[in-house]
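With this note's numbering, you'll find the sequence shown wraps up at 212, consecutive numbering, no jumps. A virtual CB, placed ideally from N, CA and C, is assigned to each residue, including glycine. Below is one structure; the comments refer to it alone.
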Amino acid sequence: MIDMYQIKMAVNPDSLLARARALHGFGNRRNAVFAISSDSLPSTGAEASRIKEIFKKANLYIDEKAVSDKLLYEIRNSDGFIHIAAHASRSSENPLFSRILLGDGPFFPFDLFQSGIRAELITLSGCQTAAPGLYYGNSFSLAKSFFQAGAKYVLATLWPVSDKISMLFMNRFYDSLKRKKSIFTAYLDAVNEIKGITDNPAFWGSFILLGA
């Protein structure tokens, strides 16, 4: 099954049936991009700006504008994608205290369940956003919290990757989406983009797509 369908992570078996009809047309939807730059993540702003160039109508929130209330607003109102390029930190003791570091402080996954998610795709470009905690097995991660709150697809990472590699991956992913490819095909395009640069799976194997 994995080889035949090139599955990275299928949370729901119905996702296999939905894949054939999943041509999304994000250019006609409400999309949002969030990014927090820092000395250790110098390319996040460029990553966000590039996505904004591809989807010109997307709402862009960078640094001090990328705050929790804006994210919650977009979660309730965006019906396309929400891209979040920021530091993430997982809690080994309590999964609900894993967090994304926004411009006004940490954003916790328990905030999601009060609003639900309307967006079809959530991208968590931070490190280890799909990694479970050390003490609660494979049952929970930041990525899975967004999936359980209503996102149909979540693109996330299992381990740290350089922000330059992430930027290359995301550029190709969103460029493929703009050309109205399916989310799954766009994901494969981005993986193959990185594979064309290096055959080391440490660079491309971190990116996983929940829902496919």
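Within the continuous beta strand (DSSP E) that includes residue i, where are the two ends?
i     : result
Asn28 : From DSSP, Asn28 is part of no beta strand (DSSP E); its letter is neither H nor E.
Val33 : Ala32 to Ala35
Ala85 : Phe81 to Ala85
Leu41 : Neither: Leu41 is in no beta strand (DSSP E) and is coded neither H nor E.
Checking 9 Å against the spacing of the C-beta atoms, do residue i and residue j come in under that value?
i      : j      : result
Leu102 : Ile36  : yes
Trp219 : Ser91  : With the chain covering 1 to 212 only, the question about residue 219 has no answer from this structure.
His178 : Phe26  : Sequence inspection shows Lys at residue 178; the His mentioned does not correspond to that position. Result yes, Cβ atoms of Lys178 and Phe26 sit closer than 9 Å.
Leu124 : Leu96  : no
Glu47  : Ala85  : yes
Gly126 : Ile165 : no
Ala190 : Met170 : yes
By a C-beta neighbour count over all protein chains shown, 10 Å radius and 16 as the cutoff for buried, is residue i buried or exposed?
i      : result
Gly116 : exposed
Pro201 : exposed
Thr44  : buried
Arg76  : exposed
Thr198 : exposed
Ser49  : exposed
Keeping to the same chain, check which residues put their C-beta closer than 8 Å to that of residue i; ignore five residues upstream and five downstream.
i      : result
Arg21  : The pLDDT assigned to Arg21 is 48, lower than 50, so where the model puts this residue is not dependable; a value taken from the coordinates is nonetheless given after this. Hits under 8 Å: none found.
Thr185 : Ser176
Ser68  : Leu102, Asp104, Gly105, Phe107 and Asp111
Between which residues of its own chain and residue i is the CB-CB distance below 6 Å, once the five residues before and five after are set aside?
i      : result
Ile122 : Ile82, Phe146, Ala151 and Val154
Asn213 : Absent from the model: residue 213. The displayed extent of the chain is 1 to 212, so no value can be given.
Tyr174 : Ile51 and Ile54
Thr129 : Ala88, Leu142, Ala143, Ala156 and Thr157
Which residues in the same chain have their Cβ closer than 7 Å to the Cβ of residue i, if we skip the five residues on either side of it in sequence?
i      : result
Ser78  : Arg30, Asn31, Ala32, Arg118 and Ala119
Phe110 : Leu96
Leu41  : His87 and Asp163
Ala131 : Arg90, Ser141, Leu158 and Trp159
Ile194 : Ile165, Leu168, Phe169, Phe203 and Trp204
Arg172 : Asp189, Ala190 and Glu193
Asp63  : Ile36, Ser37 and Gly103
Starting from residue i and walking both ways along the alpha helix (DSSP H), at which residues does that stretch end?
i      : result
Ala202 : Pro201 to Trp204
Ala66  : Segment: none, Ala66 is in no alpha helix (DSSP H) and carries neither H nor E.
Phe293 : Within the shown structure, residues of the chain are numbered from 1 to 212, placing residue 293 beyond reach of any answer.
Ala46  : Thr44 to Ile54
#### Entry: Ordered list of alpha helix (DSSP H) runs contained in the stretch 89 to 170, each at least 4 residues
DSSP runs (the alpha helix (DSSP H)) wholly in the stretch 89 to 170: 142 to 148.
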